[in-house]
Amino acid sequence: MRTLLGGALIAAGLALSGAAQAEVKIGMITTLSGGGSHLGIDVRDGFTLALKQAGRTDVKLIVKDDARKPDLAKQIADEMIQRDKVDIMTGIIWSNLAMAVVPPTVRQGVFYLSPNAGPSALAGKGCHQNYFNVAWQNNDLHAAMGGYMKSAGLAKPFILAPNYPAGTDALTGFKSLFGEGVAGEIYTKLGQKDYAAEIAQIRASQADSVFFFLPGGMGIAFMKQYAGAGVELPVYGPAFSFDEVILGAVGDAALGVKNTSQWAYDLDNAANLAFVESFRAEYGRTPTLYASQGFDTANLILSALDTAQPSDADAFRAALEAAEFTSVRGAFRFGPNHHPIQNIYVREVVPGDGKPTNKLVGIAIENRQDAFAAECKM
Amino acid sequence: MAEPGNAIPDSPRSGGSPLPPLGGGLGRGSVESWLNAALAVLLLAAPLAAIGLGEPYYANLASRVAILALAGVGLNLALGYGGMISFGHAAFFGIGGYVAGILAQGAFNAAPVISWPVEVMGSDSMVPIWLAAMAVSGVAAVAIGAISLRTSGVYFIMITLAFAQMIYYFAISWPAYGGEDGLSITVRNGFPGLDTYDPLSFFLICYGVLMLALALSWRIMGTRFGAALMCARMNPERLATVGIEPTPVKLAAFVISAMITGLAGALFADLNGFVSPSMLSWHTSGQIMIFVILGGVGRLFGPVAGAALYVLMEHVLGGLTVHWQLPLGLILLGVVLFARGGLVGMVAGGARHD
Amino acid sequence: MTTALLIEQLLNGLQFGVMLFLMAAGLTLVFGVMGLINLAHGSLYMAGAFVCATVTGSTGSFWLGLGAGALAAAALGALVEIGVMRRLYGRGHLDQVLATFALILIFSEGTRMVFGAQPLWLDMPKSLSGHVSLPGGAVYPVFRLAIIGAGLAVAAGLYVLIQRTRLGMRIRAGESDREMIAALGVDIARLYTVVFALGAGLAGLAGAMIGALQSVEVGMGEPVLILAFVTIVIGGIGSIRGALVGALLVGMVDTMGRIFLPVLFGLFTDPASATSIGSALASMLIYLMMAAILAVRPKGLFPAHG
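Chains as they are written, first to last, in this note's numbering: chain Z, 4 to 381; chain G, 1042 to 1395; chain W, 780 to 1085.
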């Protein structure tokens, strides 16, 4: 009798200790359909790859598609916070959706880690202790290219970007390090697919080069139309305009283009080489920078979970700020406004295996800290 | 023969009472009345049960049903009873939403919303916002209706669509109110005596407004004006021979319908804490039409049934598959082709003969 | 503003107008002959693009893809007409609007289920992917010129069809008086199917050509659909000539508006605001134009009958 009772107690104790580790719920709202979908798909795939490699059973990921609609994203966010009671939210690609979702989310005490969108409004005055950006601040990659083009002797670039927070950040960032004297500046419509009018204006201006920020499907449409239009000006942009998927769709028209990025798949560190190889093995394609961002975000969360639980907000926040994880970018640290301080590299598009690909050719800025850190009063 | 103050004689089935039975039309029978009562009770009971079970999120879902039903009640007045196929009712839905959003943010920022010619401060109290939303929607409807009602048939459909598109592009272009990215409402508006952040309280407010609108709709259709409206739909020449011009009747109905839909828009903005131009898109106009059709065109509680069915499908089917709009489309097609009375028509019978 | 830029933008407006015409022609025929409002026309445009992309991808020939796209859209149109539209003739406009709106949902989700949610990329044929120099110093892509050419050829072909052939005669008669031609022994059901399929084929052709220029994705037909409706209302429902004039008008106004209005506002505000105000006003301009035309000519510029 006593042994039975003892056995029962031990079994109960074991069962209870197994249940004591509470499940952490992560809600990912990202763009899985439409013209910008390969960004969200890569973020999701990088994120889930990291979760899979960690093999943890206490993390549950819920993924929903926002179709690049701010009202839909807001609705899904409300659902995830109120019904699913997520502890951490992540995933948003587009800065206009981020502006709709992030402020109410962090104000409700939920942590938000951005694997992509980094609007200036949330880096400076709108910063919040629960908001972290694991990718970059919007202006950074564009500023780097602005500085690079200036030092390359290009005096009159024609610059264009879509008309949404990241687009305005892009051209503001570009001009911050390029300075005055752009030949022309156009904001296109987000999701626009026909660039005939803009290309005509580029041709008619006295520009010596073109800098454009058109992520996802917009970039593909622009490059295809630009290539056929006979405007022979050299093209530059951030990595967003020239990621591996865009290069695959655009083809040889993109050869020789330079772009800036905080990551390249040929970055020479062990974590990155392992990441690229495992991503290729798992999904059959080369990861884009979005995948690397998703991967890093997941690993950051997992590293913080080793130290604290989201239910203990202050401890978890401190763990996130410490960023004790192995990033595919090499050394990783946050600035005081929870945005990364990191190198920005230059890549060139070269012929690859069946389609063009990016090759790391240099560093544009070392240890770039975003331009808004001083405005953040955290 | 027509008696003074009561141009259309009562149908024998209604027993000669001055108000029509709750069937909403002329003598639709008691099955529909029971169905309406059942719908009203179900819509109230579901969130109460959800809260009792500790799932307050579903009260928000019920609020969503109530608000979308309210938008449909508005459209039903113009389209169902009045026969005006407005493909631009999203314009009023969106106007109501933006008025609510702009006033709320004005109050939050403690800055005047309009400075000239008269200074208008923002407000974070629901009732003034509702009145403002209804007023602006009404004024817009007078302008839109006056021009659109000069046309008929497919031209009317196109012109109402065109006006809605104009307002949509205007909202996108106005950077001060967020443009394409929409306008976030930081704080939910207040209602005297209630905590509007509480899902149940907010739902009760929406439910109360919906019931009021339904009562108003029912009352209107029971008056001489309502009868004239239905006659304007069925046979405008005949109405004119009785001495009533159809156009002013239709315009009045159009304006009232717009105000109800505008009120729904204001509540919708408060529910989501967000206003976006998508509230003004033709897709939204189509969706409001779907609520009305699914439930039953010209049926009092049709929009309630339709909105409930739509939201149910969105959540139940949407949870099963991301492609839930395919069965929605099939059901809608089926209703249009085969079940012309909608949900209410299928249950309560009595299809319209026009 | 150089001459070259002006010429190039005029050609852009022309190209957009011609593409709208391909959509509007089918829409106006269907409404003129059958009295049917068809919101699913945009889905037929999308279907043509998807089939073209798939066939081009597997055979490597854009021309095969183009033909396949147009034919597939026509076939789909015929199927839809037989299956759904037949039940809608004589029903009120409300039923037609809702039934075809339901078809949009069905086609969009169906396409997403079959092809996935990501866009497909379609390459222009090599023979058409260069650019040419035009008088005035302008340089213009060959593919866009080809679209303009194709559209004008279709316009000419439709003119010949409507004015010079038996089928065209029946179509014109059907627009005037449906019951009469049935009484005269014309097989109305077949005529309707042919007209619907013709309109659908034109939409599919437009979708395939634009798909090569931009991208092929679900929902690509919807912005075009709304503008096509505006076009036929401006031009006069039932009139091909009206569709052509209306389409060119809308194409020019939209393109020129999108270019010049931001420039105008750029004189007062910063580029970002100038663009959003300017381009949105350009979009509003189309509807303002439609309202103005309807105020003066309530049945459009060239109403088909009276």
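Beta carbons are placed, not taken as given, at the ideal position from N, Cα and C, and that holds for glycine.
> GLY869(W): buried (16+ other C-beta within 10 angstroms of its C-beta) or exposed?
Replying inline: exposed
> Exposed or buried, THR300(Z), counting other C-beta atoms within 10 Å across all chains shown (16 or more means buried)?
Replying inline: buried
>> If distances are taken between C-alpha atoms only, which option among GLN897(W), ALA985(W), ARG969(W) and GLY889(W) comes closest to ALA925(W)?
In response: Selected option, being the one with the closest Cα: ALA985(W).
> What residues from chain W crowd round SER1214(G), counting only those whose CB sits closer than 7 Å?
Replying inline: SER1055, ILE1056, ALA1059 and LEU1060
> How about ALA1307(G) and ALA1174(G): do their beta carbons lie closer than 7 Å?
Replying inline: The Cβ-Cβ distance between ALA1307(G) and ALA1174(G) falls below 7 Å.
>> Considering only their Cβ atoms, is the gap separating ALA1100(G) from ILE1108(G) smaller than 7 Å?
In response: no
> Would THR171(Z) count as contacting chain W if we go by Cβ distances under 7 Å?
Replying inline: yes
>> For chain W, check one thing: does any of its Cβ atoms lie closer than 7 Å to the Cβ of LEU19(Z)?
In response: Residue placement at LEU19(Z) is poorly supported in this model, since its pLDDT is 47, which falls under 50; the coordinates are not used for a value here.
> Measuring CA to CA, which of THR51(Z), ILE84(Z) and TYR167(Z) is closest to PRO122(Z)?
Replying inline: TYR167(Z)
>> Within a Cβ cutoff of 8 Å, which residues of the same chain sit near GLY1021(W), ignoring the five residues on either side of it in sequence?
In response: THR807, ILE1011, ILE1013, GLY1014, GLY1015, GLY1079, LEU1080, PHE1081, PRO1082 and ALA1083
> Taking all protein chains shown into account, do 16 or more other C-beta atoms lie within 10 angstroms of the C-beta of ALA840(W), making it buried, or fewer, making it exposed?
Replying inline: Just to set this straight, residue 840(W) is Ser in the shown sequence, not Ala. The residue is exposed, with fewer than 16 neighbouring Cβ atoms inside 10 Å.
> By the 10 Å Cβ neighbour count, where 16 or more other Cβ atoms means buried, how is ASP246(Z) classified, buried or exposed?
Replying inline: buried
> Are any of the Cβ atoms in chain W nearer than 7 Å to that of GLN1328(G)?
Replying inline: Not closer than 7 Å to any Cβ of chain W, the Cβ of GLN1328(G) fails to qualify, so no.
>> Please identify, using Cβ separations under 9 Å, the residues of the segment 89–101 of chain Z that lie next to chain G, in order along the chain.
In response: SER98, ASN99 and LEU100
>> So, for ASP874(W): in the same chain, excluding its five sequence neighbours on each side, which residues have a beta-carbon less than 8 Å away from its beta-carbon?
In response: LEU867
> On the three-pair Cβ rule with 8 Å, is the segment 1139–1147 of chain G touching the segment 1223–1235 of chain G?
Replying inline: Here the segment 1139–1147 of chain G lies against the segment 1223–1235 of chain G, with 3 or more beta-carbon pairs under 8 Å apart.
> Taking any Cβ of chain G, which residues in the segment 882–897 of chain W have a Cβ under 9 Å from it, in chain order?
Replying inline: Result list: LEU882, ILE883, LEU884, ILE885, PHE886, SER887, GLU888, GLY889, ARG891, MET892 and ALA896.
>> For the segment 1123–1133 of chain G against the segment 1281–1301 of chain G, do three or more pairs of beta-carbon atoms, one drawn from each stretch, fall closer than 8 Å, so that the two count as touching?
In response: yes
> Terminal residues of the continuous beta strand (DSSP E) containing VAL997(W)?
Replying inline: That residue, VAL997(W), is in no beta strand (DSSP E); it is neither H nor E in DSSP.
> So, are the CB atoms of LEU1040(W) and GLY1057(W) less than 7 Å apart?
Replying inline: yes
> Which residues bound the alpha helix (DSSP H) around PRO1050(W)?
Replying inline: 1050–1075
>> Tell me which residues share the same chain as ASP269(Z) and place their Cβ nearer than 6 Å to its Cβ, disregarding the 5 neighbours each side in the sequence.
In response: LEU363
> For ARG2(Z), does the three-state DSSP call read helix, strand or coil?
Replying inline: This structure cannot settle anything about residue 2(Z), because the visible part of chain Z is limited to 4 through 381.
> Comparing the C-beta of LEU784(W) with each C-beta of chain Z, is any distance below 7 Å?
Replying inline: yes
> If you measure from the beta carbon of PHE1243(G) to each beta carbon in chain Z, is any gap under 7 Å?
Replying inline: no
> In whole angstroms, what is the alpha-carbon distance linking LEU981(W) and ASN1150(G)?
Replying inline: Approximately 53 Å, taken between the alpha carbons.
>> Less than 7 Å between CB atoms is the rule here; does GLY233(Z) satisfy it with respect to chain W?
In response: Chain W, which has a Cβ nearer than 7 Å to the Cβ of GLY233(Z), makes this yes.
>> Does the segment 786–800 of chain W come into contact with the segment 906–920 of chain W, if we say contact requires no fewer than three beta-carbon pairs (one atom in each stretch) closer than 8 Å?
In response: Enough Cβ pairs lie closer than 8 Å, so yes.
>> The alpha helix (DSSP H) that contains HIS910(W), what's its start and end?
In response: No alpha helix (DSSP H) holds HIS910(W); the beta strand (DSSP E) holding it covers 910–912.
> Name the residues in the segment 1120–1141 of chain G whose C-beta lies less than 8 Å from a C-beta of chain W; which are they?
Replying inline: LEU1120, ILE1126 and PHE1128
> How is the alpha helix (DSSP H) around ASN275(Z) delimited, first residue to last?
Replying inline: 273–286
> Who are the near neighbours of MET83(Z) in its chain, counting only those whose CB is closer than 6 Å to its CB and skipping five residues on each side?
Replying inline: GLY30 and VAL89
> In three-state terms, what does DSSP make of PRO237(Z)?
Replying inline: coil
>> Which same chain residues end up closer than 6 Å to GLY871(W) when comparing Cβ atoms and leaving out the 5 residues on each side of it in sequence?
In response: none
>> Short of 8 Å Cβ to Cβ, which residues in the segment 1293–1314 of chain G face chain Z?
In response: ASN1313 and GLY1314
>> Using beta carbons (cut-off 7 Å, strictly below), is ALA103(Z) in contact with chain G?
In response: yes
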